[in-house]
Structure formats: structure tokens, C-alpha cells
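Report on the structure given below.
Numbering (my numbering), first residue to last: 3 to 104.
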């Protein structure tokens, strides 16, 4: 299952430090296991337009910038606190429930 993590959908705006988001992704990956591939969208939401992932984790502060087409994707929002506290449990539970292979 492909999961893309998007910190901003506005070009040029860094919503969270890349190192912090990467630590969050690493923590999610450790808990989810090998059936899941997590990628950081470094193109400010381009992967939402491409529609290549099964699930998108999108920074909550970016929701107003999503187009109707982007909103039609499977999106789970995360916050600064989730990233800074490595609060992954609710995401792991939700993502595992979405995986049809489990």
C-alpha cells in the first residue's frame, strides 16, 4: 500500500521541517511494516494530482488549499503536534484498516 505524506500544497511554503517529517515517516514505517511504502511528497502536493498513492497524509493547515479533485483522494490529516510528538498510533490503526490485503 502506497502512502504519501504531504506537508504543504502551496509551492514555496515549508509548513514543517523536513527532518521532523522524515522522523514521523520513519516511525510510521517501523510500526506499519513491509506491506506499506511511505514517501514524502517534496513537490508540495503534486502527488495528490497524480493520484498514484492509496492514502495521503496531508498537513492539516493545508486543507484550505486543496482543490475539489484533490479532496476526492483518500486523505488523513495530521498536525504539527502529531509530527513533533511522533504520535503515530491513530494513523497506524486507520491505515491498517484501509489495507484490503490485511
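Yeah, the Cβ is synthetic: ideal placement off N, Cα and C, and Gly gets one too. Computed from a prediction, not measured in an experiment: that's the story for all the values here.
Beta-carbon separation (whole angstroms), residue i vs residue j, contact threshold 8 Å
i: residue 59; j: residue 7; result: 5 Å
i: residue 29; j: residue 88; result: 5 Å
i: residue 42; j: residue 27; result: 6 Å
Residue i versus residue j: straight-line alpha-carbon distance, rounded
i: residue 9; j: residue 102; result: 26 Å
i: residue 71; j: residue 64; result: 15 Å
i: residue 2; j: residue 46; result: No statement about residue 2 is possible, as the shown extent of the chain runs from 3 to 104 and does not include it.
i: residue 18; j: residue 79; result: 14 Å
i: residue 34; j: residue 94; result: 6 Å
i: residue 91; j: residue 31; result: 12 Å
i: residue 21; j: residue 48; result: 20 Å
i: residue 52; j: residue 75; result: 10 Å
As assigned by DSSP and simplified to three states, the class of residue i
i: residue 40; result: strand
i: residue 72; result: helix
i: residue 54; result: coil
Residues of its chain near residue i, where Cβ-Cβ distance is below 8 Å and the 5 sequence neighbours each way are ignored
i: residue 3; result: 37, 38, 39, 56, 57, 97, 100, 101 and 103
i: residue 23; result: 7, 9, 42 and 85
Same chain only: Cβ atoms within 7 Å of residue i, ignoring 5 sequence neighbours per side
i: residue 25; result: 88
i: residue 82; result: 18
i: residue 54; result: 4
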